[in-house]
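Protein chains in written order, with this note's numbering: chain V, 644 to 999; chain F, 644 to 999. Positions of the beta carbon are idealized from the N, C-alpha and C atoms, including for glycine.
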């Protein structure tokens, strides 16, 4: 197979995209011209979100397989579209790659992206492929649509609204902690084997796979998160329209504070109501971390956080995999967590700061 | 002023975007939620294009001021929208920056972006700000609109159509050559002064500015290119709809071959018709380069290349700053350049390959 520099920019784009068939009627023209051309349905709004992922900052290729990286890169953008109560339709994908990447690497990355797109009925309609001096950069823009009356912003939460989250929290963060721990152990073992000149051990280490038994769920939440299309569809089927909504990418605390700030309200959530997976709890214990802190500040959950009017209590209670964790209060009461033993703490955004 | 890591991701986005007021009625919601929300006009198509610019590959900050970089980064995307005969309306801007950048740098970059957007009536509606281990990455997505019947693709050129270009070619490439030459001279002088311990000379060098007299135009074409909105408006006013169109970012040869391949036609262009600026010609001579080669393969012109039916000859001739350089032929005749002395050469794409 040709190497990337021989293929050139257009050759690589062609190689990666030539058999992509648009799935959406609104995709009139995909890859191959100066722009993609889309036909929004009459009366629909167009939603746009974008993310730039940098190697060494957002992902570590020592433990993230290319295919999963591609899948996740798409998923995190689709999650932003669902978080507006809209349906994603198209994405553009730009890549900058250094010389160490092969066409096979790009094929794997694209395979993951295409799988994510297929599962969510989204078309890859364009992008850019170029080189980078160091590492891999991935920039994705997702485009979605929704009727105006369906779109849910962050600023619509009202006093007495119920606060809901889908799935469970903190699992992706625990998955990351586990991967980081194993990476450090592994690197230490390799260093030791090199120092002592133990070639047999080095060879064994090269083949070695950590034992992930009992941690599959938290690893999957970290490596292959799912944008919650199912929750958006379930809300629509139940005739429920949230008053505010976000996806949880930087941690529950941080997102809840965004909703409260933009809606000019306060909130009260209950520690005992925060949904946790068993694997998240055991991993936190193993690492001597407070599991509630992980759930509040962990990030990368890509679950949905939303509010509904109190009158919708019964209907929202019947939704699968959706949990009521508290309620909206007056702005003057602030944003608080009630612990299991009844104490009140002010919520703080300790979410991930990629600029630190 | 706070430093970037203290400001954090949300703080930086807020700082850069808080006083941006949407200019387009179709921009319902800009920065500040999971997605931007746009209202396409009834019956309009949405056009999307994206570019990823990497420091050290697409730009060199030793001679590109941040403000110009921002301006150009926006312009190259708008140029792609105009190249479809459409009007740009919104952009998203994602930045990844390493620790060496200050808030003042970002202010300058954004000032250039905002100036470009203002001049073209475009709204900045979203983006992402994150860190990078090395250098600066800029990813921009531009969104435009046009009625279906106006959109011009690359595949519509027909035999006997006239081939036209706006402005003149090769100037941006000559500007780049000049900047590179001065950079090398400067670095050499600094090295010498360091080697000989000549502090006085070092201090002088730090203050020194190369003498750009007589080269202003080619420098401006390289550093601050203008997307040809004026040509798109002039075409509309003249009632002209090109049969095919592209913007010239990788060089005339490369773009013409794209149009011919996608339209299944050949072409014939005349060396003597290729528009050149005087500064481009003198710089090429100074550097001992063939000016036609520079015009054919230089790249970064951001001029428009388009074809119109032969019947439009008179109307297109009257357009300001538009030049007829040849005509479309049968596919079997290939793509050719007729030189000043009447020889025929096959056109080859020697455009810039960012993956080499």
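- Using beta-carbon distances, residue 665 of chain F does not count as an interface residue toward chain V, since no partner is under 8 Å.
- With fewer than 16 neighbouring CB atoms inside 10 Å of its own CB, residue 973 of chain V falls in the exposed class.
- According to DSSP, residue pairing for residue 696 of chain V in a beta bridge involves V/781.
- Assignment of beta strand (DSSP E) within the region 672-727 of chain V, counting only whole runs of 3 or more residues, yields 679-681 and 687-697 in chain order.
- Taking 8 Å as the cut-off, the Cβ atoms of residue 695 of chain F and residue 782 of chain F count as close.
- Scanning the region 813-868 of chain V for uninterrupted alpha helix (DSSP H) segments of 4 residues or longer gives 814-838, 842-850 and 859-866, listed from N- to C-terminal end.
- In terms of CA proximity to residue 834 of chain F, F/849 leads the group F/735, F/820, F/849 and F/814.
- Using a 10 angstroms sphere on the CB of residue 956 of chain V, the tally of other CB atoms stays under 16, which defines it as exposed.
- Taking C-beta separations shorter than 8 Å and ignoring five residues to either side along the sequence, the partners of residue 913 of chain V in its chain run 968, 969, 980 and 981, following chain order.
- With a cutoff of 8 Å on beta-carbon distance, residue 934 of chain V and residue 809 of chain V are scored as not near each other.
- Shown in chain order are the members of the region 673-684 of chain F whose Cβ falls below 9 Å from a Cβ of chain V: 675, 676, 677, 678, 679, 680, 681, 682 and 683.
- Rounded to the nearest whole angstrom, the C-alpha separation of residue 653 of chain F and residue 671 of chain V is 35 Å.
- The Cβ neighbour count for residue 790 of chain F, taken over all protein chains shown within 10 Å, is under 16; the residue is labelled exposed.
- Against chain V, a Cβ distance below 9 Å from residue 671 of chain F picks out 688, 791 and 794.
- In the DSSP assignment, residue 940 of chain F falls within the unbroken alpha helix (DSSP H) covering 934-940.
- Against chain V, the CB of residue 660 of chain F has no partner CB under 8 Å away; the residue lies outside that interface.
- Excluding its 5 nearest sequence neighbours in each direction, residue 825 of chain F has C-beta neighbours in its own chain below 6 Å: 853, listed in chain order.
- Here the region 717-731 of chain F makes contact with the region 684-698 of chain F; the two share three or more CB pairs at distances below 8 Å.
- DSSP links residue 670 of chain F through a beta bridge to F/681.
- The Cβ of residue 710 of chain V sits no closer than 8 Å to any Cβ of chain F.
- In the same chain as residue 952 of chain F, and ignoring 5 residues on each side of it, the C-beta atoms closer than 7 Å to its own belong to 804 and 886, in chain order.
- Within chain V, no C-beta atom comes nearer than 8 Å to that of residue 891 of chain F; the closest sits roughly 11 Å away.
- The three-state secondary structure of residue 753 of chain V, taken from DSSP, is helix.
- For residue 656 of chain V, no CB of chain F lies under 8 Å from its own CB, so it is not counted at the interface with that chain.
- The residue from V/721, V/726, V/779 and V/895 with its alpha-carbon nearest to that of residue 761 of chain V is V/721.
- Distance from the CA atom of residue 749 of chain F to the CA atom of residue 661 of chain F, rounded to whole angstroms, is 14 Å.
- A straight-line Cα-Cα distance of about 53 Å links residue 807 of chain F and residue 874 of chain V.
- Taking C-beta atoms as the reference points, residue 932 of chain V and residue 861 of chain V fail to come closer than 8 Å.
- Taking the beta carbon of residue 786 of chain V as reference, the chain F residues within 7 Å of it are 691, listed in sequence order.
- Taking a cut-off of 8 Å for Cβ pairs, the region 934-950 of chain V and the region 891-899 of chain V touch, as three or more such pairs fall below it.
- Nearest in C-alpha terms to residue 787 of chain F, of all of V/909, V/683, V/667 and V/936, is V/683.
- In chain order, 677 and 678 make up the part of chain F whose C-beta sits under 8 Å from the C-beta of residue 726 of chain V.
- Bridge partners of residue 979 of chain F according to DSSP: F/911 and F/989.
- Assigned with DSSP and collapsed to three states, residue 928 of chain V falls in helix.
- The beta-carbon separation of residue 856 of chain V and residue 923 of chain V, rounded to 16 Å, does not stay under the 8 Å limit for a contact.
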